[in-house]
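All remarks here apply to the structure that follows.
2 protein chains.
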Amino acid sequence: MVRKRSETMQENRVKLIAAARKTFAEKGYSAASMDELTADAGLTRGALYHNFGDKRGLLAAVVDQIDTEMAVRAQEIGARAGNDWQGLLAEGAAYIEMALNPEVQRIVLLDGPAVLGDPSQWPSQNNCLQVTRSTVERLIAQGILKPLDPEAAARLLSGAALNAALWIAASQDPQSVLPKAVEAFRALAAGLLVERL
Amino acid sequence: MVRKRSETMQENRVKLIAAARKTFAEKGYSAASMDELTADAGLTRGALYHNFGDKRGLLAAVVDQIDTEMAVRAQEIGARAGNDWQGLLAEGAAYIEMALNPEVQRIVLLDGPAVLGDPSQWPSQNNCLQVTRSTVERLIAQGILKPLDPEAAARLLSGAALNAALWIAASQDPQSVLPKAVEAFRALAAGLLVERL
DNA sequence: AATTTTATATACGGTTCGTATGTGAAATGT
DNA sequence: ACATTTCACATACGAACCGTATATAAAATT
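Sequence order for the protein chains is A and B. To convert, note that position 18 of the first sequence is 18 in the numbering used here; the numbers rise steadily by one, no gaps. Numbers given in the numbering used here equal positions in the second sequence, counted from 1, plus 197.
As structure tokens, this is what we get:
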């Protein structure tokens, strides 16, 4: 059976990213051994360094994948809401819930920023942030939100949401804490609304 | 000259923490070599492992120190404000500005959570958070803020503030971005206020 | 069919961490 | 005051890991 080179290469990339998601989430970035990780994928470090440059590069690829998945999900949930304002609240709640996933938490929220630096400068450009920002921009244009800097508002909102998730996950009883966090988030977000007359 | 043991030991701890603040801030936690770091302090790794257990232990000590300094500063600034509500806003702005300091940013915001886990479970108990929470509790008791969970509100507020700082520091022109972030923060915080009648 | 490319495997060197052991000075007891 | 014990720190050692340099075999190209 003749296998095209680009096919197997793509498959190997997928295998490596999948193995990395698992290992990074379970052990954390620094404790993840590249020998073990590549062996789990049925390969060696050779494949890794050829495809991703170095350990950091692999993390960047993993972060990009998860971030994109999160952004897609958040946008879907936001779009399903009645209006843009409800959408913004739904997106925030969605981020909080998604960040309870250990993969998201360990890889995107903890190791990602520490190893790759500030999310706004990631190669993936942080799709999550983009989604929130464009929602905010629409709401400002509609006169529903105060005319704040959209980037600033989006950063603070997602910062609040993601930080809430860290707190929830570390707490003893996540299920009882989640609603408190969502309630506080909704209150905060309401501060962006224009004053009622 | 007879030097008491406990004296020199305390001095050595101070030296090590000082060297670690410098090196961790400049190179980041994982790139910091404990051989170099201890040599800078005029000691060897022996002193380090005896005093702090391991590399993580040293980071924890450094984080504790910086976090405490930040909490003291924020509380002073908050107390100087006219009332508790103005104090809360001033504290938030103070966190944002303090987080522009590379030491704070690299050590407390990036490496700290990645290596030590969620800040609410740090040995230092995260003094910054305590300050904000007690301010929030007072404001709720006064009927100025909505009766939300104080811990949740404090977490989200500080999350927003610290995340804003990461954004600012990574931006091209921090000085022009800072006021936008502070403005957005004040708007968000206003969402915690009880509805005006 | 011969030649070139290249995706991955293998081999190696350098660095780093944590522990195990050694040592000399302060602390303690008689 | 001297002998003994404690312990804070230094030194020595082993294991793990990363990134690169080299080798190889299979696909691509001519």
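Just so it is clear, CB atoms sit at the ideal spot from N, CA and C, and this is done for glycine as well.
In the structure shown, what three-state DSSP assignment does leucine 145(A) receive?
-> Counting from one through the first sequence, the residue named residue 145(A) turns up at place 145. Correct three-state label for leucine 145(A): strand.
Throw me the rounded Cβ distance for the arginine 133(A) and methionine 98(A) pair, which I believe falls under 8 angstroms.
-> Counted from its first residue, the first sequence places residue 133(A) at position 133. Counted from its first residue, the first sequence places residue 98(A) at position 98. That belief does not hold up - the Cβ atoms of arginine 133(A) and methionine 98(A) are roughly 18 angstroms apart, past 8 angstroms.
Nearest to arginine 138(A) by CA position, among Phe52(A), Val108(A), Ala153(A) and Glu183(A), is which residue?
-> Reading the first sequence from its first residue, position 138 is the one you call residue 138(A). Cα-wise, what sits closest to arginine 138(A) is Ala153(A).
The segment 107 to 121 of chain A touching the segment 63 to 72 of chain A, judged by at least three CB pairs closer than 8 angstroms = Between the segment 107 to 121 of chain A and the segment 63 to 72 of chain A there are three or more inter-stretch CB-CB distances shorter than 8 angstroms, so the stretches are counted as touching.
Can you find a C-beta in chain B that's less than 8 angstroms from the C-beta of asparagine 126(A)?
-> On the first sequence, position 126 is the one that residue 126(A) refers to. Closer than 8 angstroms: no.
Could you give the distance in angstroms between the alpha-carbon of glycine 356(B) and the alpha-carbon of arginine 5(A)?
-> Mapped onto the second sequence, residue 356(B) falls at position 159. Mapped onto the first sequence, residue 5(A) falls at position 5. For glycine 356(B) and arginine 5(A), the distance between alpha carbons rounds to 47 angstroms.
Could one say the Cβ of phenylalanine 382(B) lies closer than 8 angstroms to chain A's Cβ atoms, at least one of them?
-> Within the second sequence, the letter at position 185 stands for residue 382(B). Closer than 8 angstroms: yes.
Have a look at glutamate 103(A) and serine 30(A) and give me their C-alpha separation to the nearest angstrom.
-> In the first sequence, counting from the first residue as 1, residue 103(A) sits at position 103. In the first sequence, counting from the first residue as 1, residue 30(A) sits at position 30. Those two C-alpha atoms are separated by around 15 angstroms.
Amino acids of chain B, ordered along the chain, whose beta-carbon sits closer than 7 angstroms to that of serine 120(A) | Counting from 1 along the first sequence, the entry for residue 120(A) is found at position 120. By Cβ distance, chain B contributes Trp364 and Ala367.
Is it buried or exposed for glutamate 36(A), if we count other Cβ within 10 angstroms and need 16 for buried?
-> Within the first sequence, the letter at position 36 stands for residue 36(A). Classification of glutamate 36(A): exposed, given that the 10 Å Cβ count is below 16.
To which residues of the same chain is glutamine 142(A) closer than 8 angstroms at the C-beta, ignoring the five residues directly before and after it?
-> The residue given as residue 142(A) occupies position 142 in the first sequence. For glutamine 142(A), where only same-chain residues beyond five positions count, the Cβ hits under 8 angstroms are Asp84.
Interface residues of chain B around alanine 141(A) at Cβ under 7 angstroms?
-> Taking the first residue of the first sequence as position 1, residue 141(A) is located at position 141. Correct list: empty, because the minimum Cβ distance to chain B is about 17 angstroms.
So, are the CB atoms of glutamate 91(A) and isoleucine 107(A) less than 8 angstroms apart?
-> Reading the first sequence from its first residue, position 91 is the one you call residue 91(A). Reading the first sequence from its first residue, position 107 is the one you call residue 107(A). Contact: no.
Alpha-carbon to alpha-carbon, aspartate 67(A) and leucine 385(B) = As a position in the second sequence, residue 385(B) is number 188, starting the count at 1. As a position in the first sequence, residue 67(A) is number 67, starting the count at 1. Looking at the two C-alpha atoms, the distance is approximately 25 angstroms.
Would you mind listing the alpha helix (DSSP H) stretches within the segment 283 to 346 of chain B that are 4+ residues and don't spill past its ends, in chain order?
-> 309 to 313 and 324 to 338
State the start and end residues of the unbroken alpha helix (DSSP H) segment that holds arginine 277(B).
-> Locating residue 277(B) in the second sequence gives position 80, counting from the first residue. Note, arginine 277(B): alpha helix (DSSP H), 252 to 277.
First and last residue of the uninterrupted alpha helix (DSSP H) at arginine 383(B) = If you number the second sequence from 1, residue 383(B) lands on position 186. Counting along the chain, the alpha helix (DSSP H) containing arginine 383(B) begins and ends at 371 to 387.
Can you tell which of Ala19(A), Arg56(A), Glu26(A) and Ser33(A) has its C-alpha closest to the C-alpha of glycine 201(A)?
-> With chain A covering only 1 through 197, there is no way to say anything about residue 201(A).
In angstroms, rounded to a whole number, what distance separates the CA positions of proline 150(A) and glutamine 327(B)?
-> Along the first sequence, read from residue 1 onward, the residue named residue 150(A) stands at position 150. Along the second sequence, read from residue 1 onward, the residue named residue 327(B) stands at position 130. Going by the C-alpha atoms only, they are around 30 angstroms apart.
Closest Cβ-Cβ distance between leucine 59(A) and chain B: below 8 angstroms?
-> Stepping through the first sequence from its first residue, residue 59(A) is reached at position 59. Cβ-Cβ to chain B under 8 angstroms: no for leucine 59(A).
From which residue to which residue does the alpha helix (DSSP H) around tyrosine 246(B) run?
-> To locate residue 246(B), count along the second sequence from 1; it is residue 49. Where tyrosine 246(B) is concerned, the enclosing alpha helix (DSSP H) stretches over 242 to 249.
Chain A contact for leucine 345(B) (CB, 8 angstroms cutoff) | Locating residue 345(B) in the second sequence gives position 148, counting from the first residue. Yes, contact with chain A.
Report the neighbours of glycine 191(A) on chain B: residues whose CB is nearer than 9 angstroms to its CB, in chain order.
-> Indexing the first sequence from 1 puts residue 191(A) at position 191. What glycine 191(A) touches in chain B: Arg383, Ala384, Leu385, Ala386, Ala387, Gly388, Leu389 and Leu390.
Shorter than 8 angstroms from the beta carbon of aspartate 84(A) to some beta carbon of chain B?
-> As a position in the first sequence, residue 84(A) is number 84, starting the count at 1. Under the 8 angstroms criterion on CB atoms, aspartate 84(A) is classed as non-interfacial with respect to chain B.
C-alpha gap between leucine 156(A) and alanine 165(A), whole angstroms = The residue labelled residue 156(A) in the question sits at position 156 within the first sequence. The residue labelled residue 165(A) in the question sits at position 165 within the first sequence. Roughly 14 angstroms between the two C-alpha positions.
Quick one: give me the first and last residue of the alpha helix (DSSP H) that alanine 222(B) is part of.
-> Mapped onto the second sequence, residue 222(B) falls at position 25. That run of the alpha helix (DSSP H) goes 202 to 224.
Neighbourhood of asparagine 324(B) by C-beta distance below 6 angstroms, restricted to the same chain and skipping five residues each side = Mapped onto the second sequence, residue 324(B) falls at position 127. Contacts found: Asp264, Thr265 and Ala268.
Under 8 angstroms, do leucine 342(B) and valine 391(B) count as touching if we go by C-beta distance?
-> As a working note, residue 342(B) is residue 145 in the second sequence. As a working note, residue 391(B) is residue 194 in the second sequence. Taking 8 angstroms as the Cβ cut-off, leucine 342(B) and valine 391(B) qualify as a contacting pair.
Compute the distance between the beta-carbons of glycine 87(A) and alanine 93(A), then report whether it is under 8 angstroms.
-> For the purposes of this step, residue 87(A) is taken as residue 87 along the first sequence, with counting starting at 1. For the purposes of this step, residue 93(A) is taken as residue 93 along the first sequence, with counting starting at 1. In this structure, alanine 93(A) does not lie closer than 8 angstroms to glycine 87(A) by Cβ.
Are the C-beta atoms of serine 134(A) and some chain B residue less than 8 angstroms apart?
-> As a first step, residue 134(A) is located in the first sequence; it is residue number 134 there, counting from the start. Under the 8 angstroms criterion on CB atoms, serine 134(A) is classed as non-interfacial with respect to chain B.
Candidates Thr135(A), Lys27(A), Leu110(A) and Ala32(A), of which the one nearest leucine 192(A) by Cα = Position 192 of the first sequence, counting from 1, holds the residue named residue 192(A). Considering only alpha carbons, the answer is Thr135(A).
CA-to-CA distance, lysine 224(B) to glutamate 12(A), given in whole angstroms = By 1-based counting over the first sequence, the position of residue 12(A) is 12. By 1-based counting over the second sequence, the position of residue 224(B) is 27. First, the residue type needs correcting, since residue 12(A) is asparagine and not glutamate in the sequence shown. Those two C-alpha atoms are separated by around 33 angstroms.
Assuming glutamine 105(A) and alanine 169(A) make a contact with CB atoms under 8 angstroms, what is their CB distance in whole Å?
-> Numbered from 1 along the first sequence, position 105 holds the residue referred to as residue 105(A). Numbered from 1 along the first sequence, position 169 holds the residue referred to as residue 169(A). With 8 angstroms as the limit, glutamine 105(A) and alanine 169(A) qualify as a contact, their Cβ atoms being about 6 angstroms apart.
For leucine 390(B), write down the residues that DSSP places opposite it in a beta bridge.
-> The residue labelled residue 390(B) in the question sits at position 193 within the second sequence. Answer is Leu342(B).
CB contact below 8 angstroms: glycine 159(A) versus chain B = On the first sequence, position 159 is the one that residue 159(A) refers to. It does; some Cβ of chain B falls within 8 angstroms.
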